[in-house]
Amino acid sequence: MTPWTILITIACYFALLFIISWVTGRKADNAGFFTGNRKTPWYMATVAMIGASISGVTFISVPGAVLTGGYAYMQMVLGFFVGSIIVAWVLIPMFYRMNLLSIYGYLEKRFGLASYRTGAWFFFVSKMLGASVRFFVVCVVLQTLVFQPLGVPFSLNVVITVALIWLYSFQGGVKSLIWTDSLKTLCLVLSVICCIGFIASHLDLSLATLPAAVADHPTSKIFFLDDPNDGRYFWKQFIAGIFMIIACTGLDQDLMQRTLSCKNFRESQKNMVVSAAIQIFVIGLFLVLGTLLYMYADRFMPQISGIKGDALFGEVAWSDGFPLFIGILFIVGLVAAAYSAAGSALTALTTSFTIDILRANEKQDDKNLTLTRKLIHFIMSLIMVITIVVFYELNDDSAINAVYSLAAYTYGPILGLFIFGMGCKRPVRDAYVPVVAVAAPVLSYILQSNSEAWFGGYQISFELLIINALITAAGLCLLIKK
Numbered sequence: 241m242t243p244w245t246i247l248i249t250i251a252c253y254f255a256l257l258f259i260i261s262w263v264t265g266r267k268a269d270n271a272g273f274f275t276g277n278r279k280t281p282w283y284m285a286t287v288a289m290i291g292a293s294i295s296g297v298t299f300i301s302v303p304g305a306v307l308t309g310g311y312a313y314m315q316m317v318l319g320f321f322v323g324s325i326i327v328a329w330v331l332i333p334m335f336y337r338m339n340l341l342s343i344y345g346y347l348e349k350r351f352g353l354a355s356y357r358t359g360a361w362f363f364f365v366s367k368m369l370g371a372s373v374r375f376f377v378v379c380v381v382l383q384t385l386v387f388q389p390l391g392v393p394f395s396l397n398v399v400i401t402v403a404l405i406w407l408y409s410f411q412g413g414v415k416s417l418i419w420t421d422s423l424k425t426l427c428l429v430l431s432v433i434c435c436i437g438f439i440a441s442h443l444d445l446s447l448a449t450l451p452a453a454v455a456d457h458p459t460s461k462i463f464f465l466d467d468p469n470d471g472r473y474f475w476k477q478f479i480a481g482i483f484m485i486i487a488c489t490g491l492d493q494d495l496m497q498r499t500l501s502c503k504n505f506r507e508s509q510k511n512m513v514v515s516a517a518i519q520i521f522v523i524g525l526f527l528v529l530g531t532l533l534y535m536y537a538d539r540f541m542p543q544i545s546g547i548k549g550d551a552l553f554g555e556v557a558w559s560d561g562f563p564l565f566i567g568i569l570f571i572v573g574l575v576a577a578a579y580s581a582a583g584s585a586l587t588a589l590t591t592s593f594t595i596d597i598l599r600a601n602e603k604q605d606d607k608n609l610t611l612t613r614k615l616i617h618f619i620m621s622l623i624m625v626i627t628i629v630v631f632y633e634l635n636d637d638s639a640i641n642a643v644y645s646l647a648a649y650t651y652g653p654i655l656g657l658f659i660f661g662m663g664c665k666r667p668v669r670d671a672y673v674p675v676v677a678v679a680a681p682v683l684s685y686i687l688q689s690n691s692e693a694w695f696g697g698y699q700i701s702f703e704l705l706i707i708n709a710l711i712t713a714a715g716l717c718l719l720i721k722k
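Oh and the sequence shown: position 399 is 639 in this note's numbering, straight run, nothing missing.
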């Protein structure tokens, strides 16, 4: 596949995105940008949520990770489903009842202004860094395949790709994203299914024999119930998955902005539960694809036997044995996953900064609010460009890996604030809440760094989010007003 073929594929994909964005968002007002006017059919929100929850990193990393981790990720995905039910029946009715533009408005009503801004800033830092590093990984892939052979520097690559995302999301916001994300979900799932079908046919596997062949492969182990100290231990992953979805979906302005665009909380609940059920199937497809990729590489591509992890999918998809359309589907799936995450992140960051931090909706009329919102949207795009370029210049894998684990540190205080706020009705000293919110991740880091030495070899992994939230809730207990 040549760079020009990839470039034409991306151009055609974006042309379709722009058409959908223009049709759905040309008459969008501020309410359309922030909440989609709360007129989104629940089934459209469900399709959009699937694409929004899968990033470009997931697209290339989950299949490659089955060699070392098996299907352990599915244990967490099962926890995601339970967590989605909790979000649907506990958080969503409350958010609709309070008629919130931003979900962090709950913190102001429950605790006060300092708590409100604490939640908003933690979300801002986490989402900006997280979205940037995920998009950075995809920009590096596109730089290698497209822009470097054409002599385009990495910084210009980032500017062009972020500008394209800004163009199709700045006008319609959530109203447009629901429809563009639905297209991305279809492209994503189609590309994975086609890759599975092509590889299975080359391995002489039919629809009837495929399940048994995958089940017999050593990479397909799902449940790890032997060693509680292992980071893949079932109950660690399952319980962490429950709290991860509560924190990173139910308390995330990005994903909840789509869910709250439904007509009422009943439809929003259906969207949440059905999308979680479909996500089990979609992640299962990625894991099966990972097993098939290793089976294909072992039989037909022994020259790349040393390649594994993130590089495997691309190496196989662009190999000589694969037809051109499979390579094109890989690019479409990768771009769909990456740009979906980046576009929704920009919209959520714009909403949170405008509503939560600037509080422009309380100070400005609708015309000035529109100007402020568009300016903030541009600034968020600019910050994302700068962040991605800084990652590239640092070229430090340890820094990037640290950002991947950031969610447990930044969403922990948010989760702790909501747990305490909903479980205890006593007022607290609001001015000191930021101190507790900052101290909790620091104490969590110290605990994680020394857990093996202090607790007989026990490794703290995904349960760090729960520990962080509990430390936050305990700190809030010390702030209760007598």
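Yeah, the Cβ is synthetic: ideal placement off N, Cα and C, and Gly gets one too.
Separation of residue j from residue i, as counted between CA atoms
i, j, result
"S684", "C434", "43 Å"
"S460", "L450", "13 Å"
"E692", "I707", "16 Å"
"P458", "M541", "19 Å"
"W438", "S508", "Note on residue identity: the sequence assigns Phe, not Trp, to residue 438. Cα-Cα distance, rounded: 37 Å."
"T499", "D538", "43 Å"
"K607", "V454", "57 Å"
"L347", "L353", "8 Å"
"L716", "R350", "13 Å"
"G309", "V678", "33 Å"
"A709", "T650", "10 Å"
"N656", "F364", "A quick correction: the sequence has Gly, not Asn, at residue 656. Rounded to the nearest angstrom, the two C-alpha atoms are 17 Å apart."
"A714", "N469", "26 Å"
"A288", "L340", "21 Å"
"F565", "V572", "10 Å"
"F394", "R669", "48 Å"
"Q383", "L417", "26 Å"
"I720", "V682", "22 Å"
"L598", "G345", "13 Å"
"A403", "C664", "45 Å"
"G652", "T712", "8 Å"
"G481", "I462", "15 Å"
"Y317", "K476", "Reading the sequence as shown, one finds Val at residue 317 and not Tyr. Cα-Cα distance, rounded: 12 Å."
"D596", "Q604", "14 Å"
"T489", "D467", "29 Å"
"K722", "M334", "27 Å"
"R278", "P563", "43 Å"
Close Cβ partners of residue i (< 8 Å) along its chain, the five nearest in sequence each way excluded
i, result
"I405", "Y579, A582, G583, L586, S621"
"L396", "F387"
"I700", "L687, Q688, S691, I707"
"S441", "none"
Cβ separation of residue i and residue j, assumed to be a contact under 8 Å, to the nearest whole Å
i, j, result
"S431", "F570", "6 Å"
"F483", "G661", "Actually they are not in contact, since the Cβ atoms of F483 and G661 sit about 16 Å apart, beyond 8 Å."
"F464", "R472", "4 Å"
"L257", "L423", "7 Å"
"I260", "T420", "5 Å"
"V399", "V625", "6 Å"
"F376", "I623", "Wrong, their Cβ atoms sit about 13 Å apart, outside the cutoff."
"Q497", "T401", "Not really, about 22 Å apart at Cβ, beyond 8 Å."
"L646", "G370", "6 Å"
"N511", "A285", "4 Å"
When the options are compared against residue i, the one with the closest alpha-carbon
i, options, result
"F387", "L634, W244, V522, T308", "W244"
"L495", "Y649, T242, I332", "I332"
"F658", "M314, W262, I290, S355", "S355"
"V429", "A255, Y311, F299", "F299"
"M314", "K503, G524, F565", "G524"
"G319", "I486, Y336, I400", "I486"
"Y336", "F394, F321, C502, V399", "C502"
"F474", "A680, N690, Y311, F695", "Y311"
"C252", "T280, I436, V575, T712", "V575"
"F618", "A588, W694, Y632, K603", "A588"
"A739", "A448, M284, N504, L704", "The structure shown does not extend to residue 739, since the chain is modelled only from 241 through 722, so no value can be given for it."
"F254", "P389, C427, D605", "C427"
"V676", "G697, L718, R666, Y698", "L718"
"E633", "K603, V380, T489", "V380"
Nonlocal neighbours in the same chain, by C-beta distance under 7 Å from residue i, ignoring five residues either side
i, result
"V513", "S324, I325, A328"
"I290", "T425, S515, I518, Q519, V522"
"M535", "L443, H457"
"K367", "D494, A585, A588, L589"
"P389", "P243"
"L385", "P243, I246"
Own chain residues within Cβ distance below 6 Å of residue i, not counting five before or after
i, result
"I640", "Only weak support exists for where I640 lies, its pLDDT of 46 falling under 50; the coordinates are left without a value."
"F593", "I616"
"D654", "Position check: residue 654 holds Ile in this sequence, whereas Asp was assumed. Answer for I654: G359, F362, L491, listed in chain order."
"A600", "T594, L609, T612"
Any non-hydrogen atom of the ligand PLP within 7 Å of residue i CB
i, result
"A440", "Ligands are entirely absent from the displayed structure, and the ligand PLP is therefore not among its contents."
Answer yes if the stretch 517-531 comes into contact with the stretch 304-321, meaning at least three C-beta pairs across the two stretches below 8 Å, and no otherwise.
yes
With three or more C-beta pairs closer than 8 Å as the rule, is the stretch 514-524 touching the stretch 594-612?
no
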